[in-house]
DNA sequence: GTTGACAGTGAACGAGCGTTCACTTATACT
DNA sequence: AGTATAAGTGAACGCTCGTTCACTGTCAAC
């Protein structure tokens, strides 16, 4: 039996991603197939010694690194190492990485081709944050003549306009006002 | 006082995203500024009545929708609605949406321009899943002559080759074997 | 064969949990 | 003024939690 630890840890991880919380010792009894809580206690003790788990101030198991976190390897040209047992890898949590202000963050689907030269294509998902203002060069979702579009926001002096990232469209110079709706934080394309 | 519920819920959400678990009633006492657990009890009762929370079989608070989930609005041309109080919005969890097999999923940074015509550019982050095989048309990370690259995987009959998404590079026809390392699941670009 | 380490059982214990009860204070409506 | 409704206090209660203790079986080492 190579490494019992990882098997137990995998079951805990699986429980966590289903229930969004850590299992209690009684629940782990069922999870591991034990009939005694003490058996669980000893297993957990080893997981902690191995640095694969932690407890909080209530004695409850805490989600540590590797719960919701994904190994962040180097670049594409480096490829994937054969074994990823190494704990010296950096790890990232998608939510923490992409979402700053959760309450004002939304997701939208892209449905035009006006930002194609910025490599944002139809069908992509965009993560945006509600805002009324933007800085020059940011990509925004704005309302122009009652219609919403995604464009580069440009500002020079007190002159503002919108610029598509597609040569076949023209920049938009607002006559009166320009209602910024949100600024782009991230693009997500799923395959 | 417009809606006390949302304020309390926001504090719980904040606690959850920091501690990756729900607060206990005692912790909520501190969180809300109460000196009695019963005050918390009544607040929680209302949150449940309002459908903003649930309890599990232990009586503990459960993370419900809206914990780690982001409102998924329509398309960009639809813009962002003024109020998002409506509970009829679809919501998505980034992790659940993007990660299928957590144990074999990794993140890499893109560092070439060979996939630029597929709108994957230098600096993008890619979510990949370790694999030895792929289907025709999928984007893969493969090893060719000791070097790793990201390319389209092509297969016709028993002939396989790699195809860049950039006219200035040539397709790669492997002489002996072709080591597929991983297949692309998603592209993430952060601004 | 004996010993020691390890893994698991089963029962017990204190602590903290969620919950309930009785009571007080404040707000709003007749 | 009088009264209902809601919000908060503080103490109590049972239940489940994590933890501990004593014990049994198993396997390897010497």
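Residue numbers (my numbering), protein chains in the order written: chain A, 880 to 1070; chain B, 880 to 1070. Even glycine gets a Cβ: it sits at the ideal position worked out from N, Cα and C.
Under DSSP, residue 1020 of chain B shares a beta bridge with B:1029 and B:1061.
When C-beta atoms of the segment 939-948 of chain A are compared with those of the segment 969-982 of chain A, three or more pairs fall below 8 Å, so the two segments count as touching. By the criterion of a C-beta distance shorter than 8 Å, residue 940 of chain B is surrounded in its chain by 891, 901, 902, 923, 932, 933 and 934, once the five residues flanking it on both sides are discounted. When beta bridges are read from the DSSP output, residue 955 of chain A appears opposite no residue. Take residue 1009 of chain B, set aside five residues on each side of it, and the residues of its chain with a beta-carbon closer than 6 Å to its own are 983 and 1061, in chain order. Residues of chain B whose Cβ lies closer than 7 Å to the Cβ of residue 1000 of chain A are, in chain order, 998.
Counted as a single uninterrupted DSSP element, the beta strand (DSSP E) harbouring residue 972 of chain A occupies residues 969-972. Contact residues of the segment 1033-1060 of chain A toward chain B are 1060 (C-beta to C-beta distance below 8 Å). The beta carbon of residue 985 of chain A sits closer than 9 Å to some beta carbon of chain B. Using a CB distance below 8 Å, the part of the segment 937-948 of chain A facing chain B consists of 937, 939, 941, 942, 946 and 947, ordered along the chain. Apart from sequence neighbours up to five positions away, the residues of its chain that approach residue 1027 of chain B with a beta-carbon distance below 8 Å are 1020, 1021 and 1060, ordered along the chain.
Inter-residue distance for residue 1052 of chain B and residue 937 of chain B is about 59 Å (C-alpha atoms, whole angstroms). About 11 Å separates the CB atoms of residue 955 of chain A and residue 986 of chain B; that is not less than 8 Å, and the two are not in contact. Looking at the backbone, the Cα of residue 951 of chain B and that of residue 1033 of chain A are separated by about 27 Å.
If the five residues before and after residue 992 of chain B are omitted, its C-beta is found closer than 8 Å to the C-beta atoms of 1000, 1001 and 1045, all from its own chain and listed in chain order. At a C-beta separation below 7 Å, residue 1027 of chain A has these neighbours in chain B: 955, 956, 957 and 958. Beta-carbon to beta-carbon, residue 1070 of chain B and residue 1063 of chain A are separated by about 6 Å, close enough to satisfy the 8 Å threshold. If only complete runs of 4 or more residues are kept, the segment 885-933 of chain B shows the alpha helix (DSSP H) at 904-911 and 916-928, in order along the chain. DSSP places residue 1007 of chain B inside the beta strand (DSSP E), whose first and last residues are 1004-1009.
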